[in-house]
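Colleague:
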Amino acid sequence: MRNPNIYIIFAAKLKYEYMEYLNRTADVMLKDLLDAFGAVLIEGPKWCGKTTTAEQAAKSAIRMQDTDMRDEYLATAMSKPSLLLHGDTPRLIDEWQDVPVLWDAVRTMVDKRGEPGQFILTGSNAVDKSQIHHSGNGRIAKMNMLPMSLWESKESTGEVSLLELFNNPNYDIDGCRSKMSIEDLIFAACRGGWPGTLMARSEKAKLLIARNYVRTVCSEDISRIDGKRRNEKLAMMILRSYARNISSLVKKTTMLADVVSSEEIECSIDTFNDYVNALERLFVIQDIDAWCPAIRSKTVIRSSPKRGFCDPSIAVALLGLTPEALTTQLKTFGFIFEQMCVRDMKAYTQGLYSHVSYYHDRYDLEADFVLHLEDGRYALIECKLGSNEIEEGASHLLELKRLIREHNEKEKQMPIREPDLLIILTGGQMAYTRPDGVKIIPLGCLKD
């Protein structure tokens, strides 16, 4: 039986040639890194648009999986890999991991030429590191990509800039609007931020991309990542357990018990960890670590990772949900909405080398996310679908800010920076600032 994924991937690559490129938040970062480093490696989940983004900056390209040239490329790489690096720069080397020796060849050529912006490398993380002799540190910069945000897919109005919120204390968001209804947000989450969905001819077809992505990860990628054969069924069951516990603090032992409860398959904790590690290397699983400021006892603050994926559509596909089903399961969609929020926040602050954590203590004081910028600034963020939840979210954020201020008054020698922003991301349509300073922002009007 032919693999239907082949036709989807082929159609996507063919049709990209005739589509207008949609700007990505990674474009600016790629340009900046090329100005600073000899080469840039673009990493991220499969099908998120790494190659297409690289092609916008590249002046020449070599594609290691070109069936007409593959054997010739391999033979050249084994004898004199530097020959494959000649061409206008930046030169794109797509699927470089098929010939690991190219990594050291690129590093050597960067040293020889002594100029920035020489090469762009794209591909998966499935590479035999025993064939690589140098880390590339200082020569090859790494850049992460994610599936498209709502601003990149042209669904967010972009009337509120997240960066401007940080940079301009007088930035006025009142009256900015989203055009996305709850139904629109649900469909966007089910479809996901996969560029291939832009070419699908129907809404039904758009929903197939994430389902096929999950199948490909479990049947092929999880074994290809390091050449270690893994069980497709077990991989699927682990991912489904993750999906059932999305945006929660459930422990791995609990998910393991969930996996083996059907008694259809055996799995030890070591095997479970091995599969999860492989899925993290594929950028499919992207857990969120806890933020543990010294405002509570360490025994009070929860430190388990919050479970997450690189895109909300993965959870939807694994749970077998549809947009129609989620319209009547808004509590479930609330957890999926969180995933869409964190995906978009990461995209909008990529150039500031941001990272995301969460806060939750045993008194149920929480911030769904803490968005940290490289320079130390940060925002406390709650994700609330409806307006009836906003008051509760705002009270959490304000109480957390009060605790930080109280700590600073007591511990003047070891103060904690107060949050620069208090934000509630909503599924509503109107942005505004409350009298207490909390920003209420619809996800559908946010941009970088």
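Taking full-length UniProt numbering, I'd label the letters of the sequence shown as residues 1 to 448.
Don't be surprised by glycine CBs; every beta carbon is placed ideally from N, CA and C.
1. Compare the C-alpha of residue 144 against each of 42, 58, 201, 159 and name the closest.
2. Starting from residue 219, trace the alpha helix (DSSP H) in both directions and tell me its first and last residue.
3. Using 8 Å as the cut-off, can you tell me whether the segment 165 to 174 makes contact with the segment 183 to 194, which would need three or more C-beta pairs spanning the two stretches below that distance?
4. Which ranges would you report for the beta strand (DSSP E) in the segment 381 to 437 if only whole runs of at least 3 residues count?
5. Are at least three pairs of beta-carbons, each pair with one atom in the segment 350 to 369 and one in the segment 287 to 307, less than 8 Å apart?
6. When the distance is taken between beta carbons, is residue 422 closer than 7 Å to residue 380?
7. Is residue 15 buried or exposed, if buried means 16 or more other CB atoms sit within 10 Å of its CB?
8. Taking Cβ to Cβ, would you say residue 110 is nearer than 7 Å to residue 81?
9. CA-CA distance, residue 256 and residue 244?
10. Go ahead and pull the three-state DSSP assignment for residue 442.
11. Where DSSP assigns a beta bridge to residue 309, which residues make up the other side?
12. Among all the DSSP beta bridges, which residues are the ones paired with residue 143?
13. Thinking just about the alpha-carbon of each residue, which of 153, 238, 218 is nearest to the one in residue 199?
14. Answer with buried or exposed for residue 50, where buried requires no fewer than 16 other C-beta atoms within 10 angstroms of its C-beta.
15. Report the rounded CA-to-CA distance for residue 394 versus residue 419, giving the unit in angstroms.
16. Report the three-state DSSP secondary structure of residue 447 (helix, strand or coil).
17. With 16 as the cutoff for other CB atoms within 10 Å, does residue 17 come out buried or exposed?
18. Throw me the rounded Cβ distance for the residue 99 and residue 69 pair, which I believe falls under 8 Å.
19. Three Cβ pairs or more, each shorter than 8 Å: is that satisfied between the segment 322 to 337 and the segment 235 to 255?
20. Pair every Cβ in the segment 305 to 318 with every Cβ in the segment 381 to 392, then say whether three or more of these pairs are closer than 8 Å.
21. Take residue 269 as the anchor and find which of 178, 398, 58, 251 has the nearest alpha-carbon.
22. Please report the straight-line C-alpha distance between residue 108 and residue 33, rounded to a whole angstrom.
23. Short of 8 Å in beta carbon distance, which residues of its chain neighbour residue 342, apart from the five on each side in sequence? Order them along the chain.
24. Where do the N-terminal and C-terminal ends of the beta strand (DSSP E) with residue 122 fall, by residue?
25. Helix, strand or coil: how does DSSP classify residue 238 here?
Modeller: With the given structure in hand:
1. By 1-based counting over the sequence shown, the position of residue 144 is 144. When each option's Cα is compared against that of residue 144, the closest is 42.
2. Numbered from its first residue, the sequence shown carries residue 219 at position 219. Segment: none, residue 219 is in no alpha helix (DSSP H) and carries neither H nor E.
3. no
4. 421 to 426
5. yes
6. Taking the first residue of the sequence shown as position 1, residue 380 is located at position 380. Taking the first residue of the sequence shown as position 1, residue 422 is located at position 422. Contact flag set, yes.
7. The count along the sequence shown starts at 1 and reaches residue 15 at position 15. Any reading at residue 15 must be qualified, since the residue scores a pLDDT of 43, below 50, and its modelled position is unreliable; the value itself is stated next. The residue is exposed, with fewer than 16 neighbouring Cβ atoms inside 10 Å.
8. Along the sequence shown, read from residue 1 onward, the residue named residue 110 stands at position 110. Along the sequence shown, read from residue 1 onward, the residue named residue 81 stands at position 81. No, the pair does not count as a contact, with Cβ atoms beyond the cut-off.
9. Residue mapping note: residue 256 aligns to position 256 of the sequence shown, counting from 1. Residue mapping note: residue 244 aligns to position 244 of the sequence shown, counting from 1. Using only the alpha carbons, I get a separation of about 12 Å.
10. Indexing the sequence shown from 1 puts residue 442 at position 442. Here residue 442 sits in strand by DSSP.
11. Locating residue 309 in the sequence shown gives position 309, counting from the first residue. In DSSP, residue 309 forms a bridge with 285.
12. One-based indexing of the sequence shown puts residue 143 at position 143. 42.
13. Locating residue 199 in the sequence shown gives position 199, counting from the first residue. If we check each option's Cα against that of residue 199, 153 comes out closest.
14. Taking the sequence shown and counting its residues from 1, one reaches residue 50 at position 50. Under this definition residue 50 is a buried residue.
15. As a working mapping, residue 394 is identified with position 394 in the sequence shown. As a working mapping, residue 419 is identified with position 419 in the sequence shown. In a straight line, the C-alpha of residue 394 is about 14 Å away from that of residue 419.
16. Stepping through the sequence shown from its first residue, residue 447 is reached at position 447. The answer is strand: DSSP assigns residue 447 an E or B state.
17. Stepping through the sequence shown from its first residue, residue 17 is reached at position 17. With a pLDDT of 47 at residue 17, under the threshold of 50, the predicted position of this residue should be treated as unreliable, and no value is reported.
18. To locate residue 99, count along the sequence shown from 1; it is residue 99. To locate residue 69, count along the sequence shown from 1; it is residue 69. Rounded, the Cβ-Cβ distance is 12 Å, inconsistent with contact.
19. yes
20. no
21. Your numbering for residue 269 matches position 269 in the sequence shown. Of the candidates 178, 398, 58, 251, the one whose C-alpha sits nearest the C-alpha of residue 269 is 251.
22. Reading the sequence shown from its first residue, position 108 is the one you call residue 108. Reading the sequence shown from its first residue, position 33 is the one you call residue 33. Computed Cα separation, rounded: 18 Å.
23. Here residue 342 is taken as the residue at index 342 of the sequence shown, counted from 1. Excluding positions up to five away in sequence, the list reads 288, 308, 356, 369.
24. As a first step, residue 122 is located in the sequence shown; it is residue number 122 there, counting from the start. Where residue 122 is concerned, the enclosing beta strand (DSSP E) stretches over 119 to 122.
25. Within the sequence shown, residue 238 is the residue found at index 238, counting from 1. Reduced to three states, the DSSP call for residue 238 is helix.
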